[in-house]
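According to UniProt numbering, the sequence shown is numbered sequentially starting from 11. For glycine and all other residues, C-beta sits at the position ideal for the given N, C-alpha and C. This structure is a prediction, so every number in the text was calculated from the model and none was measured. Data first, discussion second: the structure below is written as structure tokens.
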Amino acid sequence: FEIYLNGMNGTVPRLPTDLSRLEEMAAQRLGPGPVGYVAGSAGSGRTERANREALDRWAIVPRMLRDVRERDLGVELFGRRLPAPVALAPVGVLSIMHPDAEPAAARAAAALGLPFTASSAADTTMEQIAEAMGEQAERWFQLYWPKDREVCVSFLGRAKAAGYSVLVVTLDTWLLAWRPRDLDQAYLPFLHGIGTANYFSDPAFRAGLAKPVEEDPTAAVLHWAQMFADPGKTWEDLAFLRDHWDGPIVLKGVLHPDDARRAADAGMDGVVVSNHGGRQVNGAIGAADALPGIAEAVGDRLTVLFDSGVRSGDDVLKALALGARGVLLGRPYVYGLGLDGEAGVTHVLRCLLAEFDLTMALSGYTRPGELTREALTRPGGA
Ligand code: FNR
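Structure (structure tokens):
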């Protein structure tokens, strides 16, 4: 409504309100390297397309005459009441999109009361992001589980001290996938020391360097590459994290119901059903195709979250109806940041929430908790 009122004074939004159009605008205005890195995915892009197809295969079946005047988008996640079932996904190297980088996105999330997930691969340290958000703001820390135990323990201690409540452990990125857009442009931000702030500021990491980072940045980047992640990790290793983090732990990148069951057996608190936005395994299952089976398998034991392909309020509704308790928003907020800094992220988040609210109401629902598979149909059959 605010947008229409502003329109009476001749003001129209600076960015599109259809969030799926942001990529196109970002591609026109920002450099091909950064946009290629954000928009790019693994191999031929099959998984990224599968994410959209999986969501688009479901159709909402709106219900009428249900009195939807009083609505509340709020949910409780990990013991905290949130104004909506939406968090910002962990996205590294945000300074390639905008110099204000993570603090700008984190501030936008905090102003709306939504959790911001700080990536291990952020350009700003987790302490700086926490400071930008303010004491009370809900923040989660995403761990790319470092090979070195001391660095890992140091990261967890720093995250706890900086007020991060939930640990999001990414399981699908032990190696960076085959990403043709980055390969063709020979563009990898990390090799330019972008996305290494948490490591370069870490006492345990610095102790392992022959020379200070400032004196030999190339050696520091190479050291980072050896330690970034460990493809040797197994389910047994989760006990180590459980022992060193006393808050909720969420495993990100789960696509098989049996893996979700193992997460529950290992004492985890949640999973993010995600294929990393199609950036890791080309030809993988669309994330929304994996969601119902996982929600059915562990929905009563774990908090099931969802990402990969969310572009609109109706996508949020579908994810919740398929069993997710909340969604993580990825690329759209990153494009918003690139196009208009903090204001761009605010725009994206407000559009998403407004569209979710309207779609929910027009479909006959007043609260996220009312959404079940009954809200959807699959026109093409099972
Ligand atoms: C990511 N993602 C990601 N995930 C993570 O756990 N740690 C990270 O540092 C990053 N970095 C990152 C950078 C960029 C540029 C993108 C696009 C994505 C994955 C992210 O959290 C989320 O899973 C996907 O973005 C979801 O897909 P869509 O909805 O953005 O397509």
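Would you mind sorting residue i into buried or exposed? The rule is 16 or more other CB atoms within 10 Å of its CB.
i, result
"residue 60", "buried"
"residue 28", "exposed"
"residue 109", "exposed"
"residue 168", "buried"
"residue 220", "exposed"
"residue 38", "exposed"
"residue 13", "exposed"
"residue 307", "buried"
"residue 74", "exposed"
"residue 71", "exposed"
Are the CB atoms of residue i and residue j nearer to each other than 8 Å?
i, j, result
"residue 53", "residue 184", "no"
"residue 309", "residue 333", "yes"
"residue 161", "residue 237", "yes"
"residue 336", "residue 96", "yes"
"residue 33", "residue 375", "no"
"residue 157", "residue 239", "yes"
"residue 179", "residue 153", "yes"
"residue 330", "residue 378", "yes"
"residue 283", "residue 326", "no"
"residue 291", "residue 57", "yes"
"residue 289", "residue 51", "yes"
"residue 386", "residue 328", "yes"
"residue 149", "residue 165", "no"
Could you work out which residue in the options is closest to residue i when comparing CA atoms only?
i, options, result
"residue 104", "64, 349 and 386", "349"
"residue 80", "384, 370, 386 and 382", "370"
"residue 271", "390, 336 and 245", "245"
"residue 76", "385, 382, 373 and 379", "373"
"residue 147", "13, 153, 93 and 254", "93"
"residue 44", "305, 107 and 202", "107"
"residue 132", "21, 312 and 116", "116"
"residue 26", "362, 386 and 377", "362"
"residue 273", "289, 251 and 23", "251"
"residue 113", "128, 36 and 381", "128"
"residue 99", "320, 357 and 380", "320"
"residue 119", "358, 91, 190 and 68", "358"
"residue 364", "41, 40, 82 and 47", "82"
Under three-state DSSP, which class holds residue i?
i, result
"residue 262", "strand"
"residue 78", "coil"
"residue 17", "helix"
"residue 128", "strand"
"residue 70", "strand"
"residue 57", "helix"
"residue 83", "coil"
"residue 149", "strand"
"residue 92", "strand"
"residue 355", "helix"
"residue 316", "strand"
"residue 376", "coil"
"residue 180", "strand"
"residue 326", "helix"
"residue 346", "helix"
"residue 336", "strand"
"residue 283", "strand"
"residue 104", "helix"
"residue 29", "helix"
"residue 228", "helix"
"residue 198", "coil"
"residue 369", "helix"
Kindly examine the ligand ZN and report whether one of its heavy atoms sits closer than 7 Å to the Cβ of residue i.
i, result
"residue 338", "Ligands in the displayed structure: the ligand FNR; the ligand ZN is not one of them."
(message) Quick check: the region 293-303 against the region 338-356, are at least 3 beta-carbon pairs closer than 8 Å?
(response) Cβ pair count under 8 Å is below three, so no.
(message) For the pair the region 195-212 and the region 260-280, tell me if three or more CB-CB distances fall below 8 Å.
(response) no
(message) Taking contact to mean 3 or more Cβ pairs, one atom from each stretch, closer than 8 Å, check whether the region 257-264 and the region 221-238 are in contact.
(response) no
(message) Count Cβ pairs between the region 208-217 and the region 125-145 that sit closer than 8 Å; are there 3 or more?
(response) yes
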